[in-house]
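What follows is a set of notes on a single structure, which appears directly below.
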Amino acid sequence: GAVVSQHPSRVICKSGTSVKIECRSLDFQATTMFWYRQFPKQSLMLMATSNEGSKATYEQGVEKDKFLINHASLTLSTLTVTSAHPEDSSFYICSAREPGQGRYGYTFGSGTRLTVV
Amino acid sequence: GQNIDQPTEMTATEGAIVQINCTYQTSGFNGLFWYQQHAGEAPTFLSYNVLDGLEEKGRFSSFLSRSKGYSYLLLKELQMKDSASYLCAVRDRGTDKLIFGTGTRLQVFP
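This is the structure we're talking about:
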């Protein structure tokens, strides 16, 4: 089946630094990648949608200058949390959309636990 | 806007049946998904409904009523390993994005 590799799985960084999270679709071309954030005991909140070769579309209330998304190829999308602060500590997870696969066309990465100290 | 609501927490006994409800108000509906998620892990796909009615898949069934903006996930013969969060998600017609509900934490007791 379709696999999305997400790295790193865990990262601890200092306040003010930037962190990059990668999601790669291993055996299919992901025309669209969705990025979610999940706080403890809460559901997944959609942050942005990225399409290969174009600018990401951000959900209301998500700062595009803080959460930089790049979808340079059909198999790789990255999320960079810039100037991270403790309130950015969360579980970040990507979901790749494989066209033509209907209900099965959403494959999630394994998530990244970000802790900002 | 979009509003997708679920009960926050539920408890049930091993071997029992539990129904988890999801109500939604969305601007462009193109199907409803149910996912299971264990803490710190990715969601795993359980079921999908796009037409009204019941979809059955082993111990899990999901129901949809588009006119009422309502779905439920039915879990039968509960097992301890079913303790997890259950998320409903609505697919947006225009963008294909999945918008997740508030999530329900289910705890199964022996």
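Chains as they are written, first to last, in the working numbering: chain A, 1 to 117; chain B, 1001 to 1110.
The beta carbon of each residue, even a glycine, is placed where N, CA and C say it ideally should be.
As the structure is a prediction and not an experimental result, all values here were calculated from the model.
- Under DSSP, B:Ser1062 shares a beta bridge with B:Glu1055 and B:Leu1073.
- DSSP places B:Asp1005 in the strand class (E or B) of the three-state scheme.
- Straight-line spacing of the CA atoms in B:Phe1100 and A:Met45 works out to 7 Å.
- The beta carbons of B:Val1108 and B:Leu1064 sit about 25 Å from each other, so the pair does not count as a contact at 8 Å.
- Going by DSSP, B:Gln1036 is part of the beta strand (DSSP E) stretching over Phe1029 to Gln1037.
- Checking the DSSP bridge columns, you'll see A:Met33 partnered with A:Ser50 and A:Ala96.
- According to the DSSP secondary-structure assignment, B:Thr1095 is paired through a beta bridge with no residue.
- Following the DSSP letters along the chain, one finds B:Ser1047 inside the beta strand (DSSP E) bounded by residues Thr1044 to Asn1049.
- Under the three-state reduction of DSSP, B:Lys1081 is assigned to helix.
- Collapsing the DSSP output to three states places A:Glu87 in a helix.
- The beta carbon of A:Lys64 sits closer than 8 Å to the beta carbons of Ala48, Ala56 and Tyr58 from its chain, once the five residues preceding and following it are set aside; these are given in chain order.
- B:Lys1097 belongs to the set of residues whose beta carbon lies under 8 Å from a beta carbon in chain A.
- In terms of Cα proximity to A:Gly53, the closest of A:Leu74, A:Ile93, A:Gln60 and A:Gly61 is A:Leu74.
- Setting aside the 5 residues that flank it on each side, A:Pro8 is surrounded in the same chain by Ile21 and Thr112, each with a C-beta closer than 8 Å to its C-beta; the list follows chain order.
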